[in-house]
Amino acid sequence: MLRTTVLGRSHLKSSGFSFLVKQMWGPPSGHAVRPERWCSQHSCAPGDENHALHPLWTGPVSVPGGTRQSPINIRGRDSVYDPRLRPLRVSYAAASCLNVWNTGYLFQVEFDDAAEGSGISGGPLENHYRLRQFHFHWGSANEWGSEHTVDGRVYPAELHLVHWNSVKYPNYKEAVVGENGLAVIGVFLKVGARHPTLQKLVDILPAVKHKGAQVAMGPFDPSCLLPTCRDYWTYAGSLTTPPLSESVTWVIQKQPIEVAQDQLSAFRSLLFSAPGEERWTMVNNYRPLQPLMNREVRSSFQATEGAQDPSINYPQ
Ligand SMILES: [Zn+2]
Numbered sequence: 014m015l016r017t018t019v020l021g022r023s024h025l026k027s028s029g030f031s032f033l034v035k036q037m038w039g040p041p042s043g044h045a046v047r048p049e050r051w052c053s054q055h056s057c058a059p060g061d062e063n064h065a066l067h068p069l070w071t072g073p074v075s076v077p078g079g080t081r082q083s084p085i086n087i088r089g090r091d092s093v094y095d096p097r098l099r100p101l102r103v104s105y106a107a108a109s110c111l112n113v114w115n116t117g118y119l120f121q122v123e124f125d126d127a128a129e130g131s132g133i134s135g136g137p138l139e140n141h142y143r144l145r146q147f148h149f150h151w152g153s154a155n156e157w158g159s160e161h162t163v164d165g166r167v168y169p170a171e172l173h174l175v176h177w178n179s180v181k182y183p184n185y186k187e188a189v190v191g192e193n194g195l196a197v198i199g200v201f202l203k204v205g206a207r208h209p210t211l212q213k214l215v216d217i218l219p220a221v222k223h224k225g226a227q228v229a230m231g232p233f234d235p236s237c238l239l240p241t242c243r244d245y246w247t248y249a250g251s252l253t254t255p256p257l258s259e260s261v262t263w264v265i266q267k268q269p270i271e272v273a274q275d276q277l278s279a280f281r282s283l284l285f286s287a288p289g290e291e292r293w294t295m296v297n298n299y300r301p302l303q304p305l306m307n308r309e310v311r312s313s314f315q316a317t318e319g320a321q322d323p324s325i326n327y328p329q
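Residues in the sequence shown are numbered consecutively from 14, following this note's numbering.
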């Protein structure tokens, strides 16, 4: 089976989402180079260790309607500039960073969200949202890995900073399933200059190589992982992992950050598998694109007419 289908396709089929699958696998449009399409045109190497269906997508998952699923392809031309969108206010305290752990699907850096230590407000948000965790999604090669795409362009990886609405809800668990419960900042990663602050995290990764491993992180301010330019797109979406709750206000940064090739390679040295289990490399842990349906993507900036926006630095 195609490796990139394993992280969502079967799940979709089994939960009444066959129409989404049809759209996702329908005739190609635009310049999309999503790996599922790449994979559908080229047989993946036999014996590839990531052919199997990841357990994350094998069990029953809760999908509350399926009208605002994520990720999506952001079409710059169709996004609507909204001059009322304010800059996003980001206030992170390095001391609230707790630990990093290998969830068996990705690695996650968790924060103390018992108090208003780290959070965001402004932008498209009407409330203050506390930082709960951040994590990445990435591919087995630089040609794919991000969950969202921009005009069909895929990045090698994507950072998600996950926040919950601490004004409306008492805790993360209730916010996940609540209206306006979550706000996730998405940041694309491209290969380029070494990212000095990311290196601190990269240095820790060997300690969480296997599923279930967890280590203390020490102080870490994730605002260093945000791009210099804070222009963004925003839309109403969902979590991209089960339970796929449609409670997320997405804030996708237009400008990617740069990381060195060996920093990205360190992500790919992690394992989905626990000690003693068959070795299973942690790559391609992204969900395939979902249909936009009846949604509008708003931008905090005015799109450049005609040619691609040069500040986006599309991957080649
Ligand atoms: Zn994510």
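The C-beta atom is built at its ideal place from N, Cα and C for all residues, glycine as well. Predicted model only: the values in this text are computed from it and were never measured.
Of the residues the options, the one placed nearest residue i, counting alpha carbons only
{"i": "Q268", "options": "S282, V310, R143 and E171", "result": "E171"}
{"i": "G199", "options": "N112, P219 and T262", "result": "T262"}
{"i": "S282", "options": "V228, P301 and A220", "result": "A220"}
{"i": "N112", "options": "L69, T71, P304 and L218", "result": "L218"}
{"i": "V180", "options": "L214, S159, E129 and H173", "result": "E129"}
{"i": "L66", "options": "S286, A279, V103 and Q227", "result": "S286"}
{"i": "E156", "options": "L174, P183, F201 and N184", "result": "F201"}
{"i": "A108", "options": "L144, L211, Q266 and W177", "result": "L144"}
{"i": "E160", "options": "R300, Q315, T317 and L211", "result": "R300"}
{"i": "V228", "options": "L239, C237, V215 and L238", "result": "V215"}
{"i": "R308", "options": "W70, P256 and R81", "result": "R81"}
{"i": "I133", "options": "A127, D126 and Y142", "result": "Y142"}
{"i": "D126", "options": "C110, L98, T254 and S278", "result": "C110"}
{"i": "K213", "options": "R102, Q266 and Q276", "result": "Q276"}
{"i": "I265", "options": "L239, N140, L211 and P304", "result": "L239"}
{"i": "W2", "options": "G152, D164, T210 and L138", "result": "Any property of residue 2 remains undetermined from this structure, which presents the chain solely from 14 to 329."}
{"i": "R102", "options": "N140, K186 and Y185", "result": "N140"}
{"i": "H148", "options": "S104, F280, P304 and L305", "result": "F280"}
{"i": "T71", "options": "S278, P255, E290 and R97", "result": "P255"}
Delimiting residues of the alpha helix (DSSP H) encompassing residue i
{"i": "Q82", "result": "Premise fails: Q82 is in no alpha helix (DSSP H) and is neither H nor E."}
{"i": "L211", "result": "L211 to I217"}
Neighbourhood of residue i by C-beta distance below 8 Å, restricted to the same chain and skipping five residues each side
{"i": "P100", "result": "G135, G136, R243 and S313"}
{"i": "S260", "result": "A188, V189, V190, G191, E192, N193, G194, L195, S251 and L252"}
{"i": "L284", "result": "N115, K222, H223, K224, R292, W293, T294 and M295"}
{"i": "V310", "result": "I85, I87, R88, D91, S92, V93, W246, T247 and Y248"}
{"i": "T241", "result": "Q268"}
{"i": "P68", "result": "G117"}
{"i": "K203", "result": "Y168, P169, P269, I270, E271, V272, N326 and P328"}
{"i": "A226", "result": "W114, N115 and A220"}
{"i": "P288", "result": "H223"}
{"i": "A316", "result": "G89, R90, S92, Y94 and D322"}
{"i": "Y182", "result": "A188, G191 and G194"}
Own chain residues within Cβ distance below 7 Å of residue i, not counting five before or after
{"i": "P40", "result": "Confidence at P40 is low in this model, with a pLDDT of 29, below 50, so its placement is unreliable and the value that follows should be read with caution. Taken in chain order, the list of residues that qualify is empty."}
{"i": "Q146", "result": "Q121, V122, E123, F124 and V175"}
{"i": "A154", "result": "none"}
{"i": "S258", "result": "P77, V189, V190, S251 and L252"}
{"i": "Y185", "result": "D126, R145 and W177"}
Opening and closing residue of the beta strand (DSSP E) in which residue i lies
{"i": "K203", "result": "L195 to V204"}
{"i": "L101", "result": "L101 to S104"}
{"i": "V228", "result": "Q227 to A229"}
Close Cβ partners of residue i (< 6 Å) along its chain, the five nearest in sequence each way excluded
{"i": "T298", "result": "Residue identity check: residue 298 is Asn in the sequence provided, not Thr. Closer than 6 Å at the Cβ level, and outside the excluded window around N298, lie Y118, L119 and H150."}
{"i": "R207", "result": "A273"}
{"i": "T162", "result": "N86"}
{"i": "G331", "result": "No statement about residue 331 is possible, as the shown extent of the chain runs from 14 to 329 and does not include it."}
{"i": "V197", "result": "H173, V175, V261 and W263"}
{"i": "A106", "result": "G130 and S131"}
{"i": "D95", "result": "R311"}
{"i": "T210", "result": "C237"}
{"i": "G158", "result": "W151, G152, P169 and A170"}
{"i": "M306", "result": "T80"}
Chain E within 9 Å of residue i, Cβ atoms only
{"i": "E156", "result": "The displayed structure is made up of one protein chain only, and chain E is not part of it."}
Report the residue ranges of all alpha helix (DSSP H) runs contained in full by the region 249-322; include only those spanning at least 4 residues, in chain order. The region 249-322 contains these whole alpha helix (DSSP H) runs: 274-280.
4-residue-minimum alpha helix (DSSP H) runs that sit fully inside the region 163-189, ordered along the chain: 185-189
Ignoring anything shorter than 3 residues, give me the beta strand (DSSP E) runs that lie fully in the region 108-166, in order along the chain. 110-115, 120-124, 132-135 and 142-151
The region 228-237 in contact with the region 154-168 per 3-pair CB rule at 8 Å: no
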